[in-house]
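Trainee:
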Amino acid sequence: MAFLTNEATSSSSSSTHPWSYDVFLSFRGEDTRNNFTGHLYQALCDKGFNTFIDYNLPKGEKISTELLKTIESSMISVIVFSENYAFSIWCLDELLKILECRKKKGQLVLPFFYKVDPSEVRNQKGNFGMALAKHEENFKDNLEKVQQWRKALNEAVWASCSWCLASVWASCSCTWASCSVTLEEWFSNSEILWVVLLGNNGVEVNCEAFVALLPDGVIPNPTPRTRPGRSGPSTRAYTSSLEIPIGVNSRAEAVELLLDIESNDVRFIGICGLGGIGKTTIAKAVYNRNAHHFERSSFLENVREKSRSTNGIIQLQEALLSKILGDQNLKVDSISKGINVIKQRLCYKKVLLILDDVDKSNQIENFFGKCDWFAYGSRIIITTRDKHVLTTFEKDPLIYKVKKMDRCEAHELFGLHAFQTNKPEAAYLQLAKQIINYSNGLPLALQIIGSDLRGRSLDQWTSALKKYEKIPNKDIHEILKISYEGLDDTERDIFLDIACFFKGWDKDYVSNILDSCNLYPDFGIPRLVDKCLITVDQYGILSMHDLLQQMGWEIVRQGSQVLGKRTRLWYHEDALEVLIGNTGSDKIRGIALHSPKSITVSLEAKAFKKMKNLKFLMIDNVHICGELKYLPNGLRLLCWRDYSFPLPSTFCPQQLVALNMPNGQIRLEQLFRKGIEFKNLKYIKLSSCDSITNLLDLFIPNLEELDLTCRNLVEIHQSVGCLDKLKKLYLIDCERLQILPSRLCLKSLKYFNVKGCLRLEKLPGIQPETKCLEELVLLGTAIKDFPSPIGDLPHNLQQLATPNMPCSHIKLETLLKQGILFEDLKVINLSDCAFITSLPELYAPNLEILDLSYCHSLVEVHESIGFLSKLKAWNLRHCKKLQILPSSIMLKSLQLFDLSGCLSLEKFPDVQPGIKCLQLALSQSGIRELPSSIGYLTSLLGL
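Each residue of the sequence shown is one higher than the last, beginning at 5 in my numbering.
1) By DSSP, does V27 sit in helix, in strand, or in coil?
2) Starting from W94 and walking both ways along the alpha helix (DSSP H), at which residues does that stretch end?
3) Helix, strand or coil: which one does DSSP assign to L246?
4) So, at 7 Å on beta carbons, what are the nonlocal neighbours of T697 in its own chain, with the 5 sequence-adjacent residues on each side left out?
5) Quickly, what does DSSP pair G769 with across the bridge? List them, please.
6) Take the Cβ of G939 as the centre, count every other Cβ of all protein chains shown within 10 Å, and call the residue buried at 16 or more, exposed below.
7) Going by DSSP in three states, M894 sits in which element: helix, strand or coil?
8) Quick check on the burial criterion: 16 or more other C-beta atoms within 10 angstroms. Buried or exposed for V566?
9) Return the Cβ separation of H421 and L450 in integer angstroms, given the expectation that the two are a contact with Cβ distance under 8 Å.
10) So the beta strand (DSSP E) E709 belongs to, where does it begin and stop?
11) I need the DSSP call for R948, collapsed to helix, strand or coil.
12) Considering only their Cβ atoms, is the gap separating A611 from L632 smaller than 9 Å?
13) What are the uninterrupted segments assigned as beta strand (DSSP E) that are 3 or more residues long and contained completely in the segment 716 to 762, given in chain order?
14) Residues in its own chain within less than 7 Å of L660 by CB, not counting five upstream and five downstream?
15) Could you tell me which of R932, R349, Q899 sits nearest to L907, measuring between CA atoms?
16) If you compare alpha carbons, which of F423, R154, A295 is closest to R458?
17) Going by other Cβ atoms of all chains shown within 10 Å of its Cβ, with 16 needed for buried, is F397 buried or exposed?
18) Out of M79, R37, G42, state which residue places its alpha-carbon closest to the alpha-carbon of F28.
19) Near P636, which residues of its chain fall below 7 Å by C-beta distance, leaving aside the five closest residues on each side in sequence?
20) Looking only at its own chain, which residues have a Cβ that is under 6 Å from the Cβ of N757, when we skip the five neighbours before and after it?
21) Inspect the beta-carbon positions of L359 and I385 and report whether they are closer than 9 Å.
22) Compute the Euclidean distance between the alpha carbons of E765 and G568, then round it to the nearest angstrom.
23) Just to check my reading of the structure: V82 and F56 have Cβ atoms closer than 8 Å, yes? What is that Cβ distance to the nearest angstrom?
24) If L263 and N294 are in contact, beta carbons under 8 Å, what's the gap, nearest whole angstrom?
25) Excluding the 5 residues flanking L325 on each side, which residues of the same chain have their C-beta closer than 6 Å to its C-beta?
26) In whole angstroms, give me the CA-to-CA distance for I346 and G274.
27) By Cβ distance, which residues of its chain are closer than 6 Å to W94, with the 5 residues on each side in sequence left out?
28) Would you tell me roughly how many angstroms separate the C-alpha atoms of W557 and S515, rounded to the nearest one?
29) Should E673 be labelled buried (16 or more other beta-carbon atoms within 10 Å of its own) or exposed?
30) So, at 6 Å on beta carbons, what are the nonlocal neighbours of S937 in its own chain, with the 5 sequence-adjacent residues on each side left out?
31) Whole angstroms is fine: what's the gap from S692's alpha carbon to I452's?
32) Please tell me whether A596 and F505 are closer than 9 Å, where the distance is taken between their beta carbons.
33) Does DSSP put I440 in a helix, a strand or coil?
34) Can you list, in chain order, the residues of its chain whose CB lies under 6 Å from that of L607, leaving out five sequence neighbours each side?
35) Identify whether E305 lies in helix, strand or coil by the three-state DSSP scheme.
36) Quick check on the DSSP output: the beta strand (DSSP E) that includes V626 runs from which residue to which?
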């Protein structure tokens, strides 16, 4: 539909004038900025009109040159006449310019009369009359100016208008009523278009309804480009979800911190988390709260689901363009063209764009190409279950990982869905707590289960909970399963293995096991982390949400209704049924049989014979009545506590990675046959195996951990001293151990512990190659001295514990060689070392614990000890000959200082400010007077 204007030449105006804006709003700010005009602005933007509203008008009466240019470059001017409009010289000058542009450029003018009668404007009655009278007083020397304003007000109402339009009212229900003509008739008959807007009892006009009624031909092609100097936002296309659900506000605020709206850079933000955690809801809240800061904005939902075909991608591109540009008829004929159109139309605009539920990088590229063209101030938000997709952006994205609900939020959300209140009914309280624990902070589960149980009886609740613990809710399962379906076969196996067996295990330990199964965990585990299916905490422990674990169990369960043909058995009753019934098959990949109480069962000698592909066997708290005659040689992990028989004679597990059989009757000479290499074996834990007396020559080149805490162990073979990959060597409480390798040439060794080896008198020579040693524990041994020469202790030593060596001639000057920096050393325990006479200069800036208690020969402590700023506990208890301490102490981290029983110590060091010592023990010491500086110990609790 064409618009009639005052000039015959206006039909070509759209082609001769490059409009920068579709609509210019002229209004009196104090009257309508925060009500009608603000709502009208939003409604225009929602329909795709490129609308100018000046949010930052400078103070003063003279209209700016820049604003005059903005009026000239606008296709339509909307004038909102309100009660105080004419009091503003600024508004009146805008009106003059608007009418000038109407005559010279064919600009369309739309007057609105907000709570004023048009006759008051035309005839300058009421407030308009008072305003013009005031201006005549102020402009006595320029009355011509006032006459121009009077003429403009009259012209804006009636000039060239062929008929009178009836009033359009806003009813209390915000619908349009009392309108004697349609808007289409109105637009087709008026050269200057106007509406009388009179609020009933303060009810504001529904501007969205008005804009929705504008005929399609108002602006056939909204202006494609916005001038960079624009002073106000112009698009607020809110999503449909305006209510802020429980817990969303704090999470939206965390995302907004990453958005940093005030910054003028381009930012890419990822909102990541498992399915059902609330990513979309948070993104909607962020969008609704921040869209008004941007010139253009769009929220595209379900990108993953709609990107399955070329047509689906093109439809998404068209949806993005139509939402932003307001042109429902805009079409693109290919993905590449759509990318180019999006770039061309948006590259000059400050935009907020949200792509929801993205699971592949190319889904981002299908909209934004290389993502290198966005205007300054733009923000792009991606919600995804897989943070790896964010690598599409050249600039590293800022990532917010959505946290699960805390207990209070979960209680409130579940209560609203189950009881329609945030307080559960008393009779249901205990069951509600169990369901909330089961949901583990996942909003999706709380909502679905709460709605499912609403209005049901206690018995139904109890039955449903039992079912959920065995079989997950179908709706929850299907949503969570989406991420699993995006994995390849090896990644699926890793996920299911972790879900069934390895949740709570050390990542490196599990990776070594899975790597031997050709599952490539060094790539696969990070992929699962990226897809929010598992987590790895700061200590390297694998974990996953309880409902994701249950999803994994359900996937295995659905694989076969026959227990013996399932790939994994993790539930102890299922595993018992298969083993006792001897119904296993080559489908079984792993068995975890952890009985909640100790049981004794009878198994057939060849109960594992059919399980040729068994990789993982973990049994605990289960005793069998007879000896097994067969175990699969393909085992990678064998964990069986209290296995009270020798292993089968045919068992030769050369692919074994981890052997963990404490309290067993293992015969090492039978298992590790001479000349057979176990190149995959990395972990051996055979603690409390009384049958082990000697550790013979081992051909295990990649062994990393060896735990032989066996009381009957006497001798360790020399070959153990040369295991290059060995990191941990634990020989704790080996009461009969006497012989170690003569030399430790273990370049990877970090932990060496022979605590409680009562008969061990000689420590092996620690060779220079042993540079990684972090912990050396000799507590409770018969070692009388360190070998000579001992060689340099590694600089990264963290714990030195060599107490209870009453006959030792240890020389700390040799052990802690002067000038060597022990940067990682945190613990020194040399208690009860009878021949230590002095503590020499020590360079250990991170030392936290220093125990020299019961060192009866200790006389002097070097000055350097008084400057160990990280030292927390210093124990010199019963050092009877101690006389000299550092002259002053600056130990700002010190919490415990024990000098009790130091009979020969008469002088206490000067105390420097800043020490936080909480406990000072001086009983039975020789100290009779404390220095005045003791007052610096302001936090002293005990003396």
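Quick reminder that beta carbons are idealized off the backbone N, C-alpha and C, glycines included.
Mentor: If we stick to the structure as given:
1) Counting from 1 along the sequence shown, the entry for residue 27 is found at position 23. V27: strand per DSSP, three-state reduction.
2) Taking the sequence shown and counting its residues from 1, one reaches residue 94 at position 90. Counting along the chain, the alpha helix (DSSP H) containing W94 begins and ends at 93 to 109.
3) Numbered from its first residue, the sequence shown carries residue 246 at position 242. In this prediction, L246 has a pLDDT of 41, which is less than 50 and means its spatial position is unreliable; what the coordinates show is noted afterwards. L246 falls in the coil class under three-state DSSP.
4) Counted from its first residue, the sequence shown places residue 697 at position 693. The residues are N716, L717, V718.
5) Here the question's residue 769 lines up with position 765 in the sequence shown. Answer by DSSP bridge pairing, in chain order: R747.
6) Taking the sequence shown and counting its residues from 1, one reaches residue 939 at position 935. G939 should be labelled exposed.
7) Within the sequence shown, numbered from 1, the residue matching residue 894 stands at position 890. Residue state, collapsed to three classes: coil.
8) Against the sequence shown, residue 566 aligns to sequence position 562. Burial call: exposed.
9) Here residue 421 refers to the residue found at position 417 when the sequence shown is read from its first residue. Here residue 450 refers to the residue found at position 446 when the sequence shown is read from its first residue. Right, their Cβ atoms sit about 7 Å apart.
10) Taking the sequence shown and counting its residues from 1, the one referred to as residue 709 is at position 705. That run of the beta strand (DSSP E) goes 709 to 711.
11) For the chain, the structure presents residues 5 to 947; residue 948 sits outside this window and is missing.
12) Along the sequence shown, one-based indexing puts residue 632 at 628. Along the sequence shown, one-based indexing puts residue 611 at 607. Yes, these two residues count as a Cβ contact at 9 Å.
13) 732 to 734, 755 to 757
14) On the sequence shown, residue 660 is found 656 positions in, with the first residue counted as 1. Result list for L660: L639, R640, L642, F682, N684, L685, in chain order.
15) For the purposes of this step, residue 907 is taken as residue 903 along the sequence shown, with counting starting at 1. When each option's Cα is compared against that of L907, the closest is R932.
16) Residue 458 sits at position 454 when you count from the first residue of the sequence shown. Of the listed residues, the one whose Cα sits closest to R458 is F423.
17) As a first step, residue 397 is located in the sequence shown; it is residue number 393 there, counting from the start. F397 is buried by the Cβ-count criterion.
18) Within the sequence shown, the letter at position 24 stands for residue 28. Of the candidates M79, R37, G42, the one whose C-alpha sits nearest the C-alpha of F28 is M79.
19) Taking the first residue of the sequence shown as 1, we reach residue 636 at position 632. Excluding sequence neighbours, P636 sits near F612, M615, K616, L618.
20) Your numbering for residue 757 matches position 753 in the sequence shown. Y734, I736, V781, listed in sequence order.
21) As a first step, residue 359 must be located in the sequence shown, where it is residue number 355. As a first step, residue 385 must be located in the sequence shown, where it is residue number 381. For L359 and I385, yes; Cβs fall inside 9 Å.
22) Counting from 1 along the sequence shown, the entry for residue 765 is found at position 761. Counting from 1 along the sequence shown, the entry for residue 568 is found at position 564. So the two alpha carbons sit approximately 54 Å from each other.
23) Stepping through the sequence shown from its first residue, residue 82 is reached at position 78. Stepping through the sequence shown from its first residue, residue 56 is reached at position 52. Between F56 and V82 the Cβ distance is about 10 Å, and since that is not below 8 Å, they are no contact.
24) Position 259 of the sequence shown, counting from 1, holds the residue named residue 263. Position 290 of the sequence shown, counting from 1, holds the residue named residue 294. About 7 Å separates the two Cβ atoms, so the contact holds.
25) On the sequence shown, residue 325 is found 321 positions in, with the first residue counted as 1. L334, listed in sequence order.
26) Locating residue 346 in the sequence shown gives position 342, counting from the first residue. Locating residue 274 in the sequence shown gives position 270, counting from the first residue. Those two C-alpha atoms are separated by around 21 Å.
27) Here residue 94 is taken as the residue at index 90 of the sequence shown, counted from 1. Within the same chain, W94 has close Cβ partners I67.
28) Locating residue 557 in the sequence shown gives position 553, where the first residue counts as 1. Locating residue 515 in the sequence shown gives position 511, where the first residue counts as 1. Each residue's Cα considered, the two are about 21 Å apart.
29) Within the sequence shown, residue 673 is the residue found at index 669, counting from 1. Exposed: under 16 other Cβ atoms inside 10 Å.
30) Start at 1 with the first residue of the sequence shown, and residue 937 comes out as number 933. So the list reads D914, V915, once near-sequence residues are dropped.
31) Position 688 of the sequence shown, counted from the first residue, corresponds to residue 692. Position 448 of the sequence shown, counted from the first residue, corresponds to residue 452. Each residue's alpha carbon lies about 50 Å from the other.
32) The residue given as residue 596 occupies position 592 in the sequence shown. The residue given as residue 505 occupies position 501 in the sequence shown. Yes; because the gap between Cβ atoms is below 9 Å, this pair is in contact.
33) As a working mapping, residue 440 is identified with position 436 in the sequence shown. Three-state result, I440: helix.
34) Counting from one through the sequence shown, the residue named residue 607 turns up at place 603. Same-chain partners within the cutoff: L583, I628.
35) Here residue 305 refers to the residue found at position 301 of the sequence shown. Correct three-state label for E305: coil.
36) Here residue 626 corresponds to residue number 622 of the sequence shown, with the count starting at 1. 620 to 628 is the span of the beta strand (DSSP E), which, as asked, contains V626.
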